[in-house]
Structures are given as C-alpha cells and as structure tokens.
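Let me begin by presenting the structure, written as structure tokens, before commenting on it.
Residue numbers (my numbering), protein chains in the order written: chain A, 3 to 205; chain B, 3 to 205.
What follows is the structure, encoded as structure tokens:
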C-alpha cells in the first residue's frame, strides 16, 4: 500500500509469520495424512488423535468427508480427474492449516500414490506425515458399517477401492498403524509418540 | 466404526466440537470478509487487524491472493463462473477456519453481492462479518501500487472492477471503513472494537 490521506500515522506493514503463529500455539503445524481402505479406521483414529491432542492443549483440526464432501468439494464427483482435484484441494487446505500452526488430520482413502506425493510436495519438509492405516480387506469388509462393501460386491458401486479399483499403499510412510490387531486408542497414542519423537510436538 | 480385533479397549468415539476449540482458544471463530476496490486497502487493513489480534493472543489467519491464487485456486481464471467458484472456495475454507475457532480475515475484491451473500449463508449467524473498505475510485487509482489501473485504463486488463466491470457495494455490511480519510491502524482498531462490542472477542 502507498500512503494514506489525512493521517499522520504510518503503519509499518507486517504479516504475522508462521513462526509467530507457532510461538503463540506452542507447537509447529503439520499435516497428518491418514490413508487406507474404506473401513480401515482412518477417520476414527484421526478423531482419536485429534481428541487426545486437544486435551493436551494442542491446536488441531480434522478434515474428513463430513466437512469436505458437503462443502469445499461438493462440486466434485468420482471421475479420475475429480478424485485428483479432491485430494489436491484437501492438500491445499491442509497446507493453510499447517501454516496457521495447526496439527491438521485428514482422513480420506486417497488411494493413489501420485496424488499423495503431490500433497507432500506442497508442504515444507517434515510437515507432511503420511500414515498408513493398515488393515486387511477381510477386516475392512467385516466392519463395513455403511454396507459399502456389500454394495460394491454387488456391483452397485463402481470403482470401489480394494474391490474394483486399486489401492496403492505408500512405500515409505512416516507411520504404519496395525489396525488389524490394535485398538483405536493404542494406535492414536502411537501417532502422538511419533510426533513428539520427531519434534512436531514438544516432547 | 465397529469393534476392533484383538483388543479389549473400547474407544468411545467423540469428535472435538467447535465449542471445545473455542474454549481452548478463548474466543469464537469468525470470518472477517473485507471487500472493496483494488487499492482500497483491504489486504493491508486485514493484515493489520491480524497483527493486532495476534499480539493479543487471538488465534488468527489471513486468506488473500498470496496464499489462495497460487494454491487452492490456481486452477481458476477470471470467467464469471470461475470468479464465483473462487469466492465459493474461499468461503468454504474460511468456514473451516471459523469452525476451528480462528478469526480468519479474507481480502478479495469480491465485487458481486450474490457471491458474498452465498458465503454469508454458509456461516452460522453472527460469524460472517462483512467489512466494506470504502475508498473512492480516485483514491484507489492514485495509489495503484501495481499499476493495474493504468493497464485497465489502457484496455490491457479486461473486466477490471471499477473501470470496466461493476463493483456491487454491500447494502448492509457489518462494518464500513473510511479508507479515504483514515489511516490503517485507526481502521484496524475500529474492526477490533466492533468484534469486542459484538461478542466475537471477549471485551
């Protein structure tokens, strides 16, 4: 901005930096990117991590189907282009939250390696934490809380990840969670321990 | 989620609510939607409000051309449809930040009433604060830090708001700032006084 009329006050333009926001919040921002099959526990674990961190005074947020599919991405469908754009937008929003020194968890199947790698590239080094929620198809299908696998097996849902569309598991995720054999709280605590061991959160 | 294998821990699923986040932050979330002509001072005032609030320990963020046009909305142009989609996405992201109990400021010309009203509809009552940054075209054109008005007058930029495209001023904005006659810091303090008088921030 140039000068203002009728004032002798000079405002020194300054933007609050990410470091300023980190100092206020007492921790860095980061994106906890949960990925895995439908029914693997992504959203439940992400919300458990969110809850446990919140109780410790950490500034958090969760992006999941509930607040993204009905909002920002309500004009996207399930074509390959739209799936990629879905993940891109989520990644860009997650980046903004990380800039705001928030630990933001995302819970989307995000089956394609290229899409997840695109999001990793958006973030500063160390702020993208890829978390594979590992569960066998058998486990996921046995849970099937919304009956989606049943519909997919019946051919009523095309391109269903794990049934009629591929899931490309991460090759080098920061964290792997064994959702076949461990409970929600135990897995959530594994994530938090990792964040402390890797200087995202104060130990 | 249904039950987990091989564990006797039952996790009671619970999502951290907006009220929980408000309690942690010590204030509600809100969207401060600055609107006005190019050069009216939107971005500078938004950043001044952000800085002053941050210094008071308020959790804030700014969405502006710098972090939106190169990121989330980099695949949008300047067609009428793209302009509307630009504002819609910004509104949806601002809503997420407000849900996270953040005071988020947006600084976009947003010349169309229908687009701003669409964003207002997205937010809970009282959380959308429309701020008209009032400055005459003469003032804006005399500032013209990026030489945009000069180019627009020369016909090099089509559909330039105020020159070759309309600006639909808000009819009932929550706040009107007189950028013709007042300085940046004074205007920023007017916004903060309004937030305190209207229970967005503790008085």
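Glycine included, every Cβ here is placed at the ideal spot set by N, Cα and C.
- Closest in C-alpha terms to residue 138 of chain A, from the list A:183, A:16, A:76, comes A:183.
- Judged by their CB atoms, residue 125 of chain A and residue 100 of chain A are nearer to each other than the 8 Å cut-off.
- Boundaries of the alpha helix (DSSP H) around residue 92 of chain A: 82–101.
- Against chain B, the beta carbon of residue 56 of chain A has neighbours under 9 Å at 18, 22, 23, 26, listed in chain order.
- Look at the stretch 101–124 of chain B: the residues with a C-beta under 8 Å from a C-beta of chain A are 101, 102, 104, 124.
- Within chain B, no residue has its beta carbon less than 9 Å from that of residue 150 of chain A; the closest one is some 13 Å off.
- Residue 112 of chain A and residue 104 of chain A have their C-alpha atoms spaced approximately 21 Å apart.
- Secondary structure note for residue 57 of chain A: it is in no beta strand (DSSP E), and the uninterrupted alpha helix (DSSP H) holding it is 44–57.
- Taking residue 78 of chain A as the centre and dropping the five residues before and after it, the same chain places the C-beta of 84, 87, 88 closer than 7 Å to its C-beta, in chain order.
- Between residue 107 of chain B and residue 190 of chain B, the CB-CB gap reaches or exceeds 8 Å.
- Shown in chain order are the members of the stretch 59–87 of chain B whose Cβ falls below 8 Å from a Cβ of chain A: 59, 61, 62, 63, 64, 65, 69, 73, 74, 77, 87.
- Chain-order list of chain A residues neighbouring residue 191 of chain B: empty, with the shortest C-beta distance near 11 Å, by a criterion of under 9 Å.
- Look at residue 19 of chain B here: in three-state DSSP terms it is coil, with no helix or strand label.
- A straight line joining the alpha-carbon of residue 200 of chain B with that of residue 177 of chain A spans about 45 Å.
- With 16 or more other CB atoms across the displayed protein chains lying within 10 angstroms of its CB, residue 117 of chain B is buried.
- Going by DSSP, residue 121 of chain B is part of the alpha helix (DSSP H) stretching over 115–124.
- For residue 66 of chain B, the beta-bridge partners assigned by DSSP are B:109.
- Under DSSP, residue 33 of chain B shares a beta bridge with B:106, B:130.
- In the three-state scheme derived from DSSP, where H, G and I count as helix and E and B as strand, residue 179 of chain A is classed as strand.
- For residue 94 of chain B, the C-beta contacts it makes with chain A under 7 Å involve 73, 74, in order along the chain.
- Interface with chain B (8 Å Cβ-Cβ cutoff): residue 30 of chain A is excluded.
- Non-local beta-carbon contacts of residue 45 of chain A in its own chain, meaning distances under 7 Å to residues more than five positions away in sequence, involve 66, 109 in chain order.
- Secondary structure note for residue 154 of chain B: its alpha helix (DSSP H) is the uninterrupted segment 150–155.
- Residues of the stretch 28–53 of chain A with a Cβ closer than 7 Å to any Cβ of chain B, in chain order: 43, 46, 49, 50, 52, 53.
- Bridge partners of residue 135 of chain B according to DSSP: B:179.
- Residue burial is scored here from C-beta neighbours: residue 19 of chain B has fewer than 16 other C-beta atoms within 10 angstroms and is therefore classed as exposed.
- Inter-residue distance for residue 53 of chain A and residue 16 of chain B is about 8 Å (C-alpha atoms, whole angstroms).
- The continuous alpha helix (DSSP H) containing residue 198 of chain A extends over residues 186–199.
- A check of alpha carbon separations from residue 96 of chain A across A:147, A:131, A:187 identifies A:131 as the nearest.
- Taking C-alpha positions only, residue 180 of chain B is separated from residue 188 of chain B by approximately 10 Å.
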